[in-house]
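Trainee: Protein chains in written order, with this note's numbering: chain D, 1282 to 1738; chain R, 1282 to 1738. Let me begin by handing over the structure; questions about it come next.
Protein chains: 2
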Amino acid sequence: MDVIKKLQKIVGIDRATTSPVQLYCYSSDSSQIRGTPDYVVRPQNTEQVSQLMRFANKHGIPVTARGAGTGLAGGAVALNGGIVLDLSGMDMILDIDINNLQVAIEPGVIHSRLNKALEPKGFFFPPDPGSSEMCTLGGLIANNGSGMRTVKYGTTKNYVLDLEVVMADGSVINTGSKTLKSSAGYDLTRLMVGSEGTLGIITKAVLKILPLPKARTVMLASFKTPELAGDVVVKTLSAGVIPSACEILDRVTVEVLNAYDPNIAIPDAGATILFELDGTKGSVQEQAKVVEIVCKPLASGIRIATDREEMEEIWSARRLVGAAISRINPNKVRVYVGEDIGVPIKEIPRMLKLVQSISKEFDLSIMTYGHIGDGNLHTGMCIDMLDNEQWEQLDLAADKIHRTAIMLGGTVSAEHGIGSARSRYMRLERGDALDVMILIKRALDPKGILNPGKLGV
Amino acid sequence: MDVIKKLQKIVGIDRATTSPVQLYCYSSDSSQIRGTPDYVVRPQNTEQVSQLMRFANKHGIPVTARGAGTGLAGGAVALNGGIVLDLSGMDMILDIDINNLQVAIEPGVIHSRLNKALEPKGFFFPPDPGSSEMCTLGGLIANNGSGMRTVKYGTTKNYVLDLEVVMADGSVINTGSKTLKSSAGYDLTRLMVGSEGTLGIITKAVLKILPLPKARTVMLASFKTPELAGDVVVKTLSAGVIPSACEILDRVTVEVLNAYDPNIAIPDAGATILFELDGTKGSVQEQAKVVEIVCKPLASGIRIATDREEMEEIWSARRLVGAAISRINPNKVRVYVGEDIGVPIKEIPRMLKLVQSISKEFDLSIMTYGHIGDGNLHTGMCIDMLDNEQWEQLDLAADKIHRTAIMLGGTVSAEHGIGSARSRYMRLERGDALDVMILIKRALDPKGILNPGKLGV
C-alpha cells in the first residue's frame, strides 16, 4: 500500500509529505524528547481529519496531533513513527459571541491572537500561558495549560464548553453544548481536556470568555525566608482576597534577574512575591489595602505600583525570568526537565527548601519561581548540553524533585502536561487511577494509534 | 446463596435489610419515578463499600447509590431491583484545611452543614442547591448540581479536587490530588462528577472552598417583556459585572408569589430580574451603579436594597417560589418533569415565549423562573395527580419543552441530572457522544451493575 499517496488524496498533494527535512523539523517539540514521524500531514478541516483517522485506524498507523510544538514534555513527538498531524493550519476564529460569553475557534489559533481579537470588545480568555505568542489553543486545551492567573481564574478546563473531537475510528462527536451549564451525561469535554491527543483529535472548541477587569495593580513584597512568604499567601487568601496572580521568586531567581538587568533592582531577599490584583477600581484599592496589612508585619519590604508605568516595570521582571536564566552561566542552556511540579499551597516553603538541598546535593544551580497561589513551582536548571555527566546529574536531580513533589501530596505536572517526559511517574502519582485511565484509553482507542507512548496509558 | 446474610456479614446485621417497609421507603426519590430494591444497605466506610461492590460484581447484582433522595430525575431509584446503597450515614467532615483552601468530606454530609461549619472561619463552598438543607454532598457531586450562584462561581465540578471512588469491581481509586492545579493524566474527577453513580461509588471528596465575600447587595428590576430582561442580562455581563446571582421570574411566577403573600408586592411585569452582587464593599457599590445604569433605559421599575433587612425581603421572594407554586390551584400538585432546561443565554427570551405557547397549547399553567445568568430555566407545572388526562397533557408538554430546548442548542438538564426521567433525550441532545459514553460505561462497569437504566448508557 502506498500510504503517502492515500494521505495526499485526502488532504491534497502539498499537504502530506515524507520529505526528510520536513520529518526532521517535526521530530521534536520544545523539550529534549526526539522521535521522527514517517509522514507529516497538514489537514484543513474536520472532514479531512476524520478520513485520516479512519484510514490510520484501519491500518494501525500511529497519529500524533501537534499545534505549535511549544510543549515541554514531548507530548507532540511521534515516538513510534507514523503520522504527525499538524493542526496549526486550522486557525480560524469561527465566532465571537459576546451575548453568550463564548467564542468558537479552530485548534490552530494562536493564544494571543484570540485575546487580541477580544480586547476591543472588552473581553478576554483568562488562561495565560507563558507561550501565549506561540502556542495554539488546541495544544493548550490538550494539555490543560494555564499560567499566572490560575489562582483567581482557574485553568483551561474551566473555560472549555464544547469540543468537536475526531475519535480514533474517524467518528466525529461534540463533547458538550453551547449552554453555560449542563448536567446531561458524562463530562467528555473535561475528559478530553488534558488527554494530550491520546483519546481523540480536537478540531473545534467553544470557549467561555469573561469581561476584562476594569482596573489592575501590582505589588512586590520581600521576605527573609520562604516560610514568611508562604504565610503571607495563606493569610491573604484567608483575608478574602484572591489575587489575579501571586508569583514567587526565590533568592536565586532574584539574583539572576538583577544580574540580567541591574535596572530591575528587586531587593535581595529569601523570597519575593509579586501580587497582581484586578477588578473594579474600588475593589482593587480595597484588595491592595488588605494585602498591605497582611504583608506589613512579615515582609522586609513592600512596593506598590502607583501608576501604570511602575506596574509594567515590576511586572516585566516576572516576564523576564525565562530569558534571564541563561545568565546563570553563558555556557549552559536551560533544560526543561522536572520543571513543572505542583504541591499543596502549605507545602510550598518546604518544597522550596528541599529544592535548594537537591541543588546542593547534585551541584546544579536551580532557580525556583512560579505560581505560589496555586502551588505550582517551576524549577529552572541549566547545564552544558554536551557534557554527559551533567545530563546524568540533571536527570537524578529532576527525578528527586518529582518524587519529592509526589511525597508532599503534589503532582509532577501542574500545567505543562505529562507527555513522555513524565509518563514514568504516572503510577507513583496516580496509583490505581492509572488502571482506570488505561481502561478508558483501550475502550476509545482499541488499536492504540492515538499518540502512543504518552501519559503512561 | 443467601444474599442478605452475606450483606449483613459485610456491614453488620442492623445495616442490611429486606424489610418490605424499608424497601418501600427506598423505592423513590423526589421525582415520580418508582422502583423497589431487593436490599437496602447502609455502609459505614470505604472498606465496606469495596467489599459490597466486589460481592455485587461477582454475582451481577445491581447497585444504586443514594444520598438524601432529593433528586428530581429518579437517579437514586433502583429500577432493576438489587441493592440500594444508602450513603447518608457516612457523614463526617474529615478535614477543614483553610491553609490549602480545601475540605475533605464523606459523601453523606448535608450541604448546609458544610457551609455552617465554614462560615465562622470566613469561608464557603459556593455551589448552592435549593435543597441545601436536605441534600447530601455526595448526591450533589454525582449530579453536578449547582444553584443560583453558578453565573459567578460555576457548578459543583469546579470545586471538586479529588474523589475517592469505589469502582464496579471493588477497587478503590483517588481521581485527583490535593494540589489545586494538575495536568497529570485524564481528568477522572470530572468524569465522575455528574456520572450519577453509573461509573463508581463516591466515598470521599476533597472540595475547594473560597473566602466569603465581605459585602452583598440585592436589586430587583421589572421589565415589560422577557426580551428586555434578556437584553439587560447580556448588557450587564458585557459591562463587566458578573452578578453572584441573576434570577428571572416570569409574569406567572410574580402573580403566584403576590397571591401567596401580598406583602411581597413585586410589581406586575412581563419579566422580573433579581440581581445579587457580592465582593468587597466598594466593588459591590460600583457593580450596583453599573447595573442601575444598564437597567435604567430598559426597566419599568428598579429597586435597590438599602439595608440588610430590605435585601432579605427581596431575596426571600425568590426563595418562596418553590412553595408558592402550590397556590396556582390548591387541588394541584407540582410535578417535576421537564423542569430543568438550559439554553444559550441569548435564547432565553425566545425560550420563555415558547414555554408560554406550550402552556396554552396543552392548557397547563406553567410558571417559569430560574438562573437567567447561565441560561437555566425551571418550568413549574402543576396537575391533579389522580387525573390521567392531565398526566398525559403534562408529559406531552414536558416532551415539547425538552425538544424545544435541544432545538435552541440547549440541554434537558442544566443542574438536576438525567436519571431515568430524561434518559430518552440523551441521543437527541448528545448525538454520537452518547456512543463514547457507552464505551466508557462498558469499560469501567462491564457487567452493568452500577445504577442500571440511567443516563441512557
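Where is the CB? At the ideal position from N, CA and C, for every residue including glycine. All values reported here derive from a predicted model rather than from experimental measurement.
1. I'd like the list of long-range same chain contacts for M1334(D), defined as Cβ closer than 6 Å, with 5 residues on each side in sequence excluded.
2. Report all residues from its chain with a CB closer than 7 Å to the CB of G1355(R); omit the five preceding and five following residues, and keep chain order.
3. State the beta-bridge partners of M1662(R) as determined by DSSP.
4. Taking just the CA atoms, how far does V1565(D) sit from P1578(D)?
5. Let me see if you follow: with CB-CB separation under 8 Å, is D1676(D) close to chain R or not?
6. How long is the line joining the alpha carbons of I1291(R) and S1413(R), rounded to whole angstroms?
7. I need the boundaries of the beta strand (DSSP E) containing G1560(D), first residue and last residue.
8. Going by the beta-carbon positions, is the gap between G1428(R) and P1401(R) smaller than 8 Å?
9. Residues bridged to H1652(R) by DSSP?
10. Hey, A1502(D) and V1513(D) are a contact pair by Cβ (cut 8 Å); roughly how many whole angstroms apart?
11. Rounded to a whole number of angstroms, what is the C-alpha to C-alpha distance between Q1289(R) and L1491(R)?
12. In angstroms with no decimal places, state the Cα-to-Cα distance between P1625(R) and T1417(D).
13. Counting only runs of 4+ residues fully inside the segment 1458-1527 of chain D, write out the alpha helix (DSSP H) ranges in chain order.
14. In terms of alpha-carbon separation, which member of A1714(D), L1382(D), Y1307(D) lies closest to A1359(D)?
15. Our contact map puts P1507(R) next to A1552(R) with C-beta atoms below 8 Å; I'd like the distance itself, whole angstroms only.
16. Compute the Euclidean distance between the alpha carbons of I1342(R) and G1293(R), then round it to the nearest angstrom.
17. My assumption, with CB atoms under 8 Å, is that T1649(R) sits in contact with T1479(R). Please give the rounded CB distance.
18. Am I right that I1379(R) and V1717(D) are in contact with their C-beta atoms under 8 Å? What's the rounded C-beta distance?
19. Is it the case that the Cβ atoms of I1529(D) and G1691(D) are separated by a distance below 8 Å?
20. From the DSSP output, read off the bridge partner residues of Y1320(D).
21. Go through the segment 1348-1422 of chain R residue by residue and report every complete run of the alpha helix (DSSP H) that reaches 4 residues or more, in order.
22. Which chain D residues are close to N1381(R), counting only those with a beta carbon under 7 Å from its beta carbon?
23. What do you get for G1435(R), buried or exposed, if any count of 16 or more other CB atoms within 10 angstroms of its CB means buried?
24. Could you tell me if P1733(R) is buried or exposed, where buried requires 16 or more neighbouring beta carbons within 10 angstroms of its beta carbon?
25. Would M1632(D) count as contacting chain R if we go by Cβ distances under 8 Å?
26. List, in chain order, every chain D residue whose beta-carbon is nearer than 9 Å to that of D1713(R).
27. Closest by CA to R1705(R), which one among L1720(R), L1725(R), D1676(R), E1696(R)?
28. Quickly, what does DSSP pair I1622(D) with across the bridge? List them, please.
29. Under the rule that 16 or more other beta-carbon atoms within 10 Å means buried, what is R1323(R), buried or exposed?
30. If N1425(R) sits next to V1474(R), beta carbons under 8 Å apart, how far is it from one beta carbon to the other, in whole angstroms?
31. Out of G1352(R), R1296(R), D1468(R), T1431(R), point me to the one whose CA is closest to C1527(R)'s CA.
32. D1319(R) and T1299(R): beta carbons closer than 8 Å?
33. Quick one: give me the first and last residue of the alpha helix (DSSP H) that E1328(R) is part of.
34. Can you tell me the Cα-Cα spacing of I1554(D) and G1698(D), whole angstroms?
35. Over what stretch of residues does the alpha helix (DSSP H) that includes G1603(D) continue unbroken?
36. Should G1313(R) be flagged as near chain D, meaning a C-beta pair shorter than 8 Å?
Mentor: The answer reads as follows:
1. These residues qualify, in order along the chain: V1447, G1451.
2. Cβ neighbours of G1355(R) beyond the five flanking positions: D1310, S1312, I1314, G1700, S1701, A1702.
3. Here M1662(R) is bridged, per DSSP, to V1616(R), I1647(R).
4. Looking at the two C-alpha atoms, the distance is approximately 21 Å.
5. For D1676(D), the answer is no, since every Cβ of chain R falls outside 8 Å of its Cβ.
6. The straight-line gap from Cα to Cα measures roughly 32 Å.
7. Counted as a single uninterrupted DSSP element, the beta strand (DSSP E) harbouring G1560(D) occupies residues 1552-1560.
8. At the C-beta level, G1428(R) and P1401(R) stay beyond 8 Å of one another.
9. In the DSSP output, where bridge partners are listed per residue, H1652(R) has E1528(R), N1657(R).
10. So it is a contact: roughly 7 Å between Cβ atoms.
11. Roughly 41 Å separates the two Cα atoms.
12. Roughly 26 Å separates the two Cα atoms.
13. Fully contained in the segment 1458-1527 of chain D are the following alpha helix (DSSP H) runs of length 4 or more, in chain order: 1469-1473, 1507-1519.
14. Nearest in C-alpha terms to A1359(D), of all of A1714(D), L1382(D), Y1307(D), is Y1307(D).
15. So it is a contact: roughly 4 Å between Cβ atoms.
16. When rounded, the distance between both Cα atoms is 19 Å.
17. In fact, because the Cβ distance is near 30 Å, the residues do not count as touching under 8 Å.
18. Contact between I1379(R) and V1717(D) does not hold, since their C-beta atoms are separated by about 31 Å, which reaches or exceeds 8 Å.
19. At a Cβ-Cβ threshold of 8 Å, I1529(D) and G1691(D) do not count as neighbours.
20. Bridge partners of Y1320(D): I1364(D).
21. Runs found: 1392-1399.
22. For N1381(R), the residues of chain D that pass the 7 Å Cβ criterion are P1625, I1626, K1627, in the order they occur in the chain.
23. Residue environment for G1435(R): buried (at least 16 other C-beta atoms within 10 angstroms of its C-beta).
24. That one is buried.
25. Contacts with chain R at 8 Å (Cβ-Cβ) do not include M1632(D).
26. One finds M1448, S1452, V1453, I1454, N1455 in chain D with Cβ atoms closer than 9 Å to the Cβ of D1713(R), taken in chain order.
27. It is D1676(R) whose Cα lies nearest to the Cα of R1705(R).
28. Note: I1622(D) sits in a beta bridge opposite L1658(D).
29. Buried, since its Cβ has 16 or more Cβ neighbours within 10 Å.
30. The Cβ separation is near 5 Å, so the contact holds.
31. Here the closest residue by C-alpha is T1431(R).
32. A contact, by the Cβ cut-off of 8 Å.
33. Start and end: 1327-1340.
34. I1554(D) and G1698(D) have their C-alpha atoms roughly 25 Å apart.
35. It spans 1589-1605 - the alpha helix (DSSP H) in which G1603(D) sits, taken as one unbroken run.
36. Note on identity: in this sequence residue 1313(R) is Gln, with Gly being the wrong assignment. No, because no Cβ of chain D sits closer than 8 Å to the Cβ of Q1313(R).
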